[in-house]
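Residue numbers (the numbering used here): 327 to 705. By construction, the Cβ of each residue, glycine as well, lies at the ideal position given by its N, Cα and C atoms.
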């Protein structure tokens with residue numbers, strides 16, 4: 327009895343002795359967890375992305391350790407998840423089977439090559455993958471002089487296609503009277519930009535009887551108003567897509583129109599003696615359900631391969647450090663990002679490509695006219 331009391335007394339003394347150290351550790355942890363970077367990495371979207379590889383089959387596999395019968399419902403091609411490998415990759419952003427992820431973390435600018443080529447277009451390889459470039463800092467910092475505009479309700483009540491542009495400032499040097507300018511960062515404007523392309527696509531689709539709604543929100547203004555930077559662009563455009571998806575309209579396709587930052591030698595092709603602006607499909611692989619978006623992109627791309635050889639640069643997947651990896655495509659399996667042309671493409675080339683896209687979408691709808699609308703309420 328005495329020994330137990332002495333032992334208890336000894337433990338209490340040790341606890342009191344280490345109490346200041348424990349309090350200090352708690353304060354350090356609290357300070358680290360409340361920093362700006364910690365809030366970003368521990369936010370729900372980040373945690374959701376980190377856990378995206380853990381599918382429902384994983385939980386069934388764990389449960390089968392207690393009840394072997396459960397294993398019979400697992401897919402034949404199921405492979406058990408390696409938790410240590412997953413933890414390492416999520417903490418370091420290094421994928422053991424992809425050396426580019428290591429180089430991308432160590433070499434400035436190398437992260438632009440952290441791209442999967444699902445379908446390679448003519449001449450496409452890892453040395454010339456599509457690129458995005460942020461606008462000049464002064465573009466977001468200054469008042470663009472153009473009001474933030476959201477006009478997605480001005481058109482058809484039952485739109486079939488919804489078009490918007492997350493990087494609304496992306497423009498084309500020829501549209502700005504800067505043809506051939508060596509500085510690609512000058513291809514940014516609050517007035518003459520990808521919204522022009524959105525409008526041309528809307529016009530061509532409407533001619534085919536496809537009801538199309540276009541949103542012309544100036545995302546640059548939203549970033550300025552909220553004090554955000556370029557990395558928050560998709561966070562700024564997310565409410566636009568959320569509203570469209572939950573609107574109850576008969577949308578079957580949501581298109582985020584962008585412009586590639588590559589030069590004209592990569593973004594221009596001649597088809598039947600006419601020049602076109604080449605285009606690209608981009609899929610966010612960190613969207614847990616990206617396979618459905620990818621399937622749709624491949625179907626759309628196949629039409630271009632058959633009818634406009636060389637127009638498509640391919641279907642690309644983006645993920646990892648330096649990339650958004652989701653592009654708000656988690657809101658709908660019918661959401662897609664399309665890059666139309668590059669900084670050097672002119673209006674004539676862009677309009678020809680837009681006509682080809684309208685034909686592609688019309689063909690897609692004709693083949694899938696019995697499918698359910700894409701619009702469904704989504705948080």
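Inset, instruction - Can you have a look at residue 339 and say buried or exposed, based on whether 16 or more other CB atoms are within 10 angstroms of its CB? - result: Counted from its first residue, the chain shown places residue 339 at position 13. The residue is exposed, with fewer than 16 neighbouring Cβ atoms inside 10 Å.
Legend entry - Neighbour-count burial assignment, residue 355, 16 or more Cβ in a 10 Å radius: Here residue 355 refers to the residue found at position 29 when the chain shown is read from its first residue. Answer is exposed; the Cβ neighbour count stays below 16.
Inset, instruction - Work out the CA separation of residue 402 and residue 389 for me, nearest whole Å. - result: The residue given as residue 389 occupies position 63 in the chain shown. The residue given as residue 402 occupies position 76 in the chain shown. The straight-line gap from Cα to Cα measures roughly 17 Å.
Inset, instruction - Tell me, to the nearest whole angstrom, how far the beta carbon of residue 579 is from that of residue 487; I am working on the premise that it is less than 8 Å. - result: Reading the chain shown from its first residue, position 253 is the one you call residue 579. Reading the chain shown from its first residue, position 161 is the one you call residue 487. Indeed, because the Cβ distance is near 5 Å, the residues count as touching under 8 Å.
Legend entry - Start-to-end residues for the alpha helix (DSSP H) that takes in residue 530: Numbered from 1 along the chain shown, position 204 holds the residue referred to as residue 530. Taken as a continuous stretch (DSSP letters only), the alpha helix (DSSP H) holding residue 530 covers 520–533.
Inset, instruction - May I ask whether a heavy atom of the ligand GDP can be found less than 8 Å away from the beta carbon of residue 554? - result: Looking for the ligand GDP in the displayed structure turns up nothing, as the structure carries no ligands at all.
Inset, instruction - Assign residue 298 to buried or exposed, taking buried as 16 or more other Cβ atoms, counted over all protein chains shown, within 10 Å of its Cβ. - result: Nothing about residue 298 can be reported from this structure: the residues present for the chain run from 327 to 705 only.
Inset, instruction - Would you list the residues sitting across from residue 445 in a DSSP beta bridge? - result: The sequence position of residue 445 within the chain shown is 119, counting from 1. Looking at the DSSP assignment, residue 445 forms a beta bridge with 641.
Legend entry - contact_flag[the region 525–533, the region 563–580] where n(CB pairs < 8 Å) is 3 or more: no
Inset, instruction - For residue 555, count neighbouring C-beta atoms within 10 Å of its own C-beta (all shown protein chains included) and say buried if the count is 16 or more, exposed if not. - result: Here residue 555 corresponds to residue number 229 of the chain shown, with the count starting at 1. Exposed: under 16 other Cβ atoms inside 10 Å.
Inset, instruction - Compute the Euclidean distance between the alpha carbons of residue 456 and residue 393, then round it to the nearest angstrom. - result: Counting from one through the chain shown, the residue named residue 456 turns up at place 130. Counting from one through the chain shown, the residue named residue 393 turns up at place 67. One C-alpha to the other measures close to 49 Å.
Legend entry - Rounded separation between residue 508 and residue 350 - CA only: Counted from its first residue, the chain shown places residue 508 at position 182. Counted from its first residue, the chain shown places residue 350 at position 24. The C-alpha of residue 508 lies about 55 Å from the C-alpha of residue 350.
Legend entry - Residues of its chain near residue 616, where Cβ-Cβ distance is below 7 Å and the 5 sequence neighbours each way are ignored: Reading the chain shown from its first residue, position 290 is the one you call residue 616. Excluding sequence neighbours, residue 616 sits near 609, 610 and 655.
Inset, instruction - Report the option in 543, 667 and 562 whose CA atom is closest to the CA atom of residue 602. - result: The residue given as residue 602 occupies position 276 in the chain shown. For the residues 543, 667 and 562, the minimum Cα distance to residue 602 belongs to 667.
Legend entry - Delimiting residues of the alpha helix (DSSP H) encompassing residue 630: Translated into the one-based positions of the chain shown, residue 630 becomes position 304. Element bounds for residue 630: 616–633.
Legend entry - Inter-residue spacing [alpha-carbon to alpha-carbon] between residue 386 and residue 405: Here residue 386 refers to the residue found at position 60 when the chain shown is read from its first residue. Here residue 405 refers to the residue found at position 79 when the chain shown is read from its first residue. Those two C-alpha atoms are separated by around 12 Å.
Legend entry - Where residue 577 falls: helix, strand or coil (DSSP): Position 251 of the chain shown, counting from 1, holds the residue named residue 577. Of the three classes helix, strand and coil, the one that applies to residue 577 here is coil, per DSSP.
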